[in-house]
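No gaps in the numbering here: position 176 of the sequence shown is 176 in full-length UniProt numbering, and each next residue is one more. Step one of this worksheet: look at the structure below.
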Amino acid sequence: MDSMTSHESRRKRVRFVAPVGLLVLLLGMVSAEGPSAIPDPDDAAQTEVLRAPVTSRGSDRDPAPSDGREADPTPTAWPSMRIPDWPGEVEAGNESAEDTSAESEQPEEPELTAAERADQRAGVLDREVPRSASGQLLVVDGETAAPEGADRVIHVRVEVEDGLAVEPETFAAYVMTVLNDPRGWGHDGSVAFARTDGDPDMRVVLASPDLTDELCAPLDTGGEYSCGREGHAVLNAVRWAQSTDSFLAEAGIGTYRQYLVTHEVGHLLGYPHEDCPGAGERAPVMQQQTITLDGCTPNGWVAP
1 MDSMTSHESR RKRVRFVAPV GLLVLLLGMV SAEGPSAIPD PDDAAQTEVL
51 RAPVTSRGSD RDPAPSDGRE ADPTPTAWPS MRIPDWPGEV EAGNESAEDT
101 SAESEQPEEP ELTAAERADQ RAGVLDREVP RSASGQLLVV DGETAAPEGA
151 DRVIHVRVEV EDGLAVEPET FAAYVMTVLN DPRGWGHDGS VAFARTDGDP
201 DMRVVLASPD LTDELCAPLD TGGEYSCGRE GHAVLNAVRW AQSTDSFLAE
251 AGIGTYRQYL VTHEVGHLLG YPHEDCPGAG ERAPVMQQQT ITLDGCTPNG
301 WVAP
């Protein structure tokens, strides 16, 4: 009985020791691995954040020399590098400077000559005039009042043959300026001129050589001259654009145009032709200065 009791006692001790030993073994394993052996999700996230500065520090280093390997697909643009612009692309900071440079490089328009300025004032766009144009006269629209104080006002309608290289409004304004100039027919206060596009007292017409010949008949203008008759002063477009060589040798084309308007309107006012009074004298405005100056100096005014 004692032996059985002893055997049973040993079995009980073994059963007691086994669980205790297993517990000690587990505790020893935990002690050996330490508390960080079981990862914590928060610890993993913290490790990732702390790792980021290590990556960023690489951007402070100079790029490695090229060794033929594929480059990083997103290289860093260093301060010393200039990424080329695409064609036509301009940095915003340089737009005004480049625009100013472009403007300064544009060539300046050349100054007009005296003849070109005279053509502008008279509405002449081209000095080359065809022998004939459309044959159709166009009335220049618009009205202008006559200067005040004259004894009589004459209403003038200005017409231009369609197809001539002339700016009609400019031509009409030029004609009226000449007619009302204080050196013209109204210099003594006897007459002034108003422009109308309605029924006129007289017409001033700019026509091609062929139409001039037609309107001036039976006078023979031969495609070269102008006329004033039957209530219209017809100005030959060739003469208006070019004057004559002999006149231009003595005076400018502006003087000739003043003469042409004043002379032909003078006929409508009843004034006949006059001759040159003597060599070196000023030509009377009613002298046929287009044909010859006859020793006189050119003149475009009644009372210069």
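Glycine included, every Cβ here is placed at the ideal spot set by N, Cα and C.
Just measuring C-alpha positions, the residue of Val204, Asp141 and Val178 sitting nearest Arg229 is Val204. Note: His155 is bridge-paired with Ala194 in the DSSP secondary-structure output.
Within the region 171 to 239, the runs of beta strand (DSSP E) at least 3 residues long that lie entirely inside it are, in chain order, 192 to 195, 202 to 207, 227 to 229 and 232 to 236. At the C-beta level, Val129 and Val160 stay beyond 9 angstroms of one another. CA-to-CA, the gap between Leu112 and Gln242 works out to about 17 angstroms. A straight line joining the alpha-carbon of Asn236 with that of Ile253 spans about 14 angstroms. Apart from the 5 residues on each side of it in sequence, Thr212 sits with its Cβ closer than 6 angstroms to the Cβ of Thr221, Val234 and Asn236 in its chain, given in chain order. For Val265, the enclosing alpha helix (DSSP H) stretches over residues Ile253 to Leu268. Straight-line spacing of the CA atoms in Ala194 and Val178 works out to 12 angstroms. With contacts defined by Cβ atoms closer than 9 angstroms, Glu264 and Cys227 form a contacting pair.
Sequence-distant Cβ neighbours of Ala145 in its own chain, meaning closer than 6 angstroms and more than five residues away, are Ala194.
Excluding sequence positions up to five before and after Gly142, its CB lies within less than 8 angstroms of the CB of Glu169, Ala172, Arg195 and Asp197, all in the same chain and listed in chain order. The Cβ-Cβ distance between Leu164 and Ala207 falls below 9 angstroms. Here the alpha carbon of Leu137 sits roughly 6 angstroms from the alpha carbon of Asp162. Counting the other CB atoms within 10 Å of its CB gives Ile154 a total of 16 or more, which places it among the buried residues. Residue nearest to Gln258 within the set Cys276, Pro284 and Pro272 is Pro284 (criterion: CA-CA distance). Closest option to Pro272, judged by alpha-carbon separation, among Ala279, Met286 and Arg239: Met286. Between the alpha carbons of Ala150 and Glu109 lies a gap of roughly 44 angstroms. When the Cα atoms are used, Gly184 and Arg157 turn out to be separated by approximately 18 angstroms.
The C-alpha of Leu125 is placed about 14 angstroms away from the C-alpha of Arg239. Looking from the CA of Ala122, the closest CA among Gln288, Leu260, Ile291 and Pro209 belongs to Leu260. No Cβ-Cβ contact shorter than 9 angstroms links Gly231 with Leu269. DSSP places Leu138 inside the beta strand (DSSP E), whose first and last residues are Leu137 to Val139. For Ser134, the closest alpha carbon among the candidates Pro209, Gln120, Arg127 and Glu116 is that of Pro209. Rounded to the nearest whole angstrom, the CA to CA distance from Ala249 to Asn299 is 13 angstroms.
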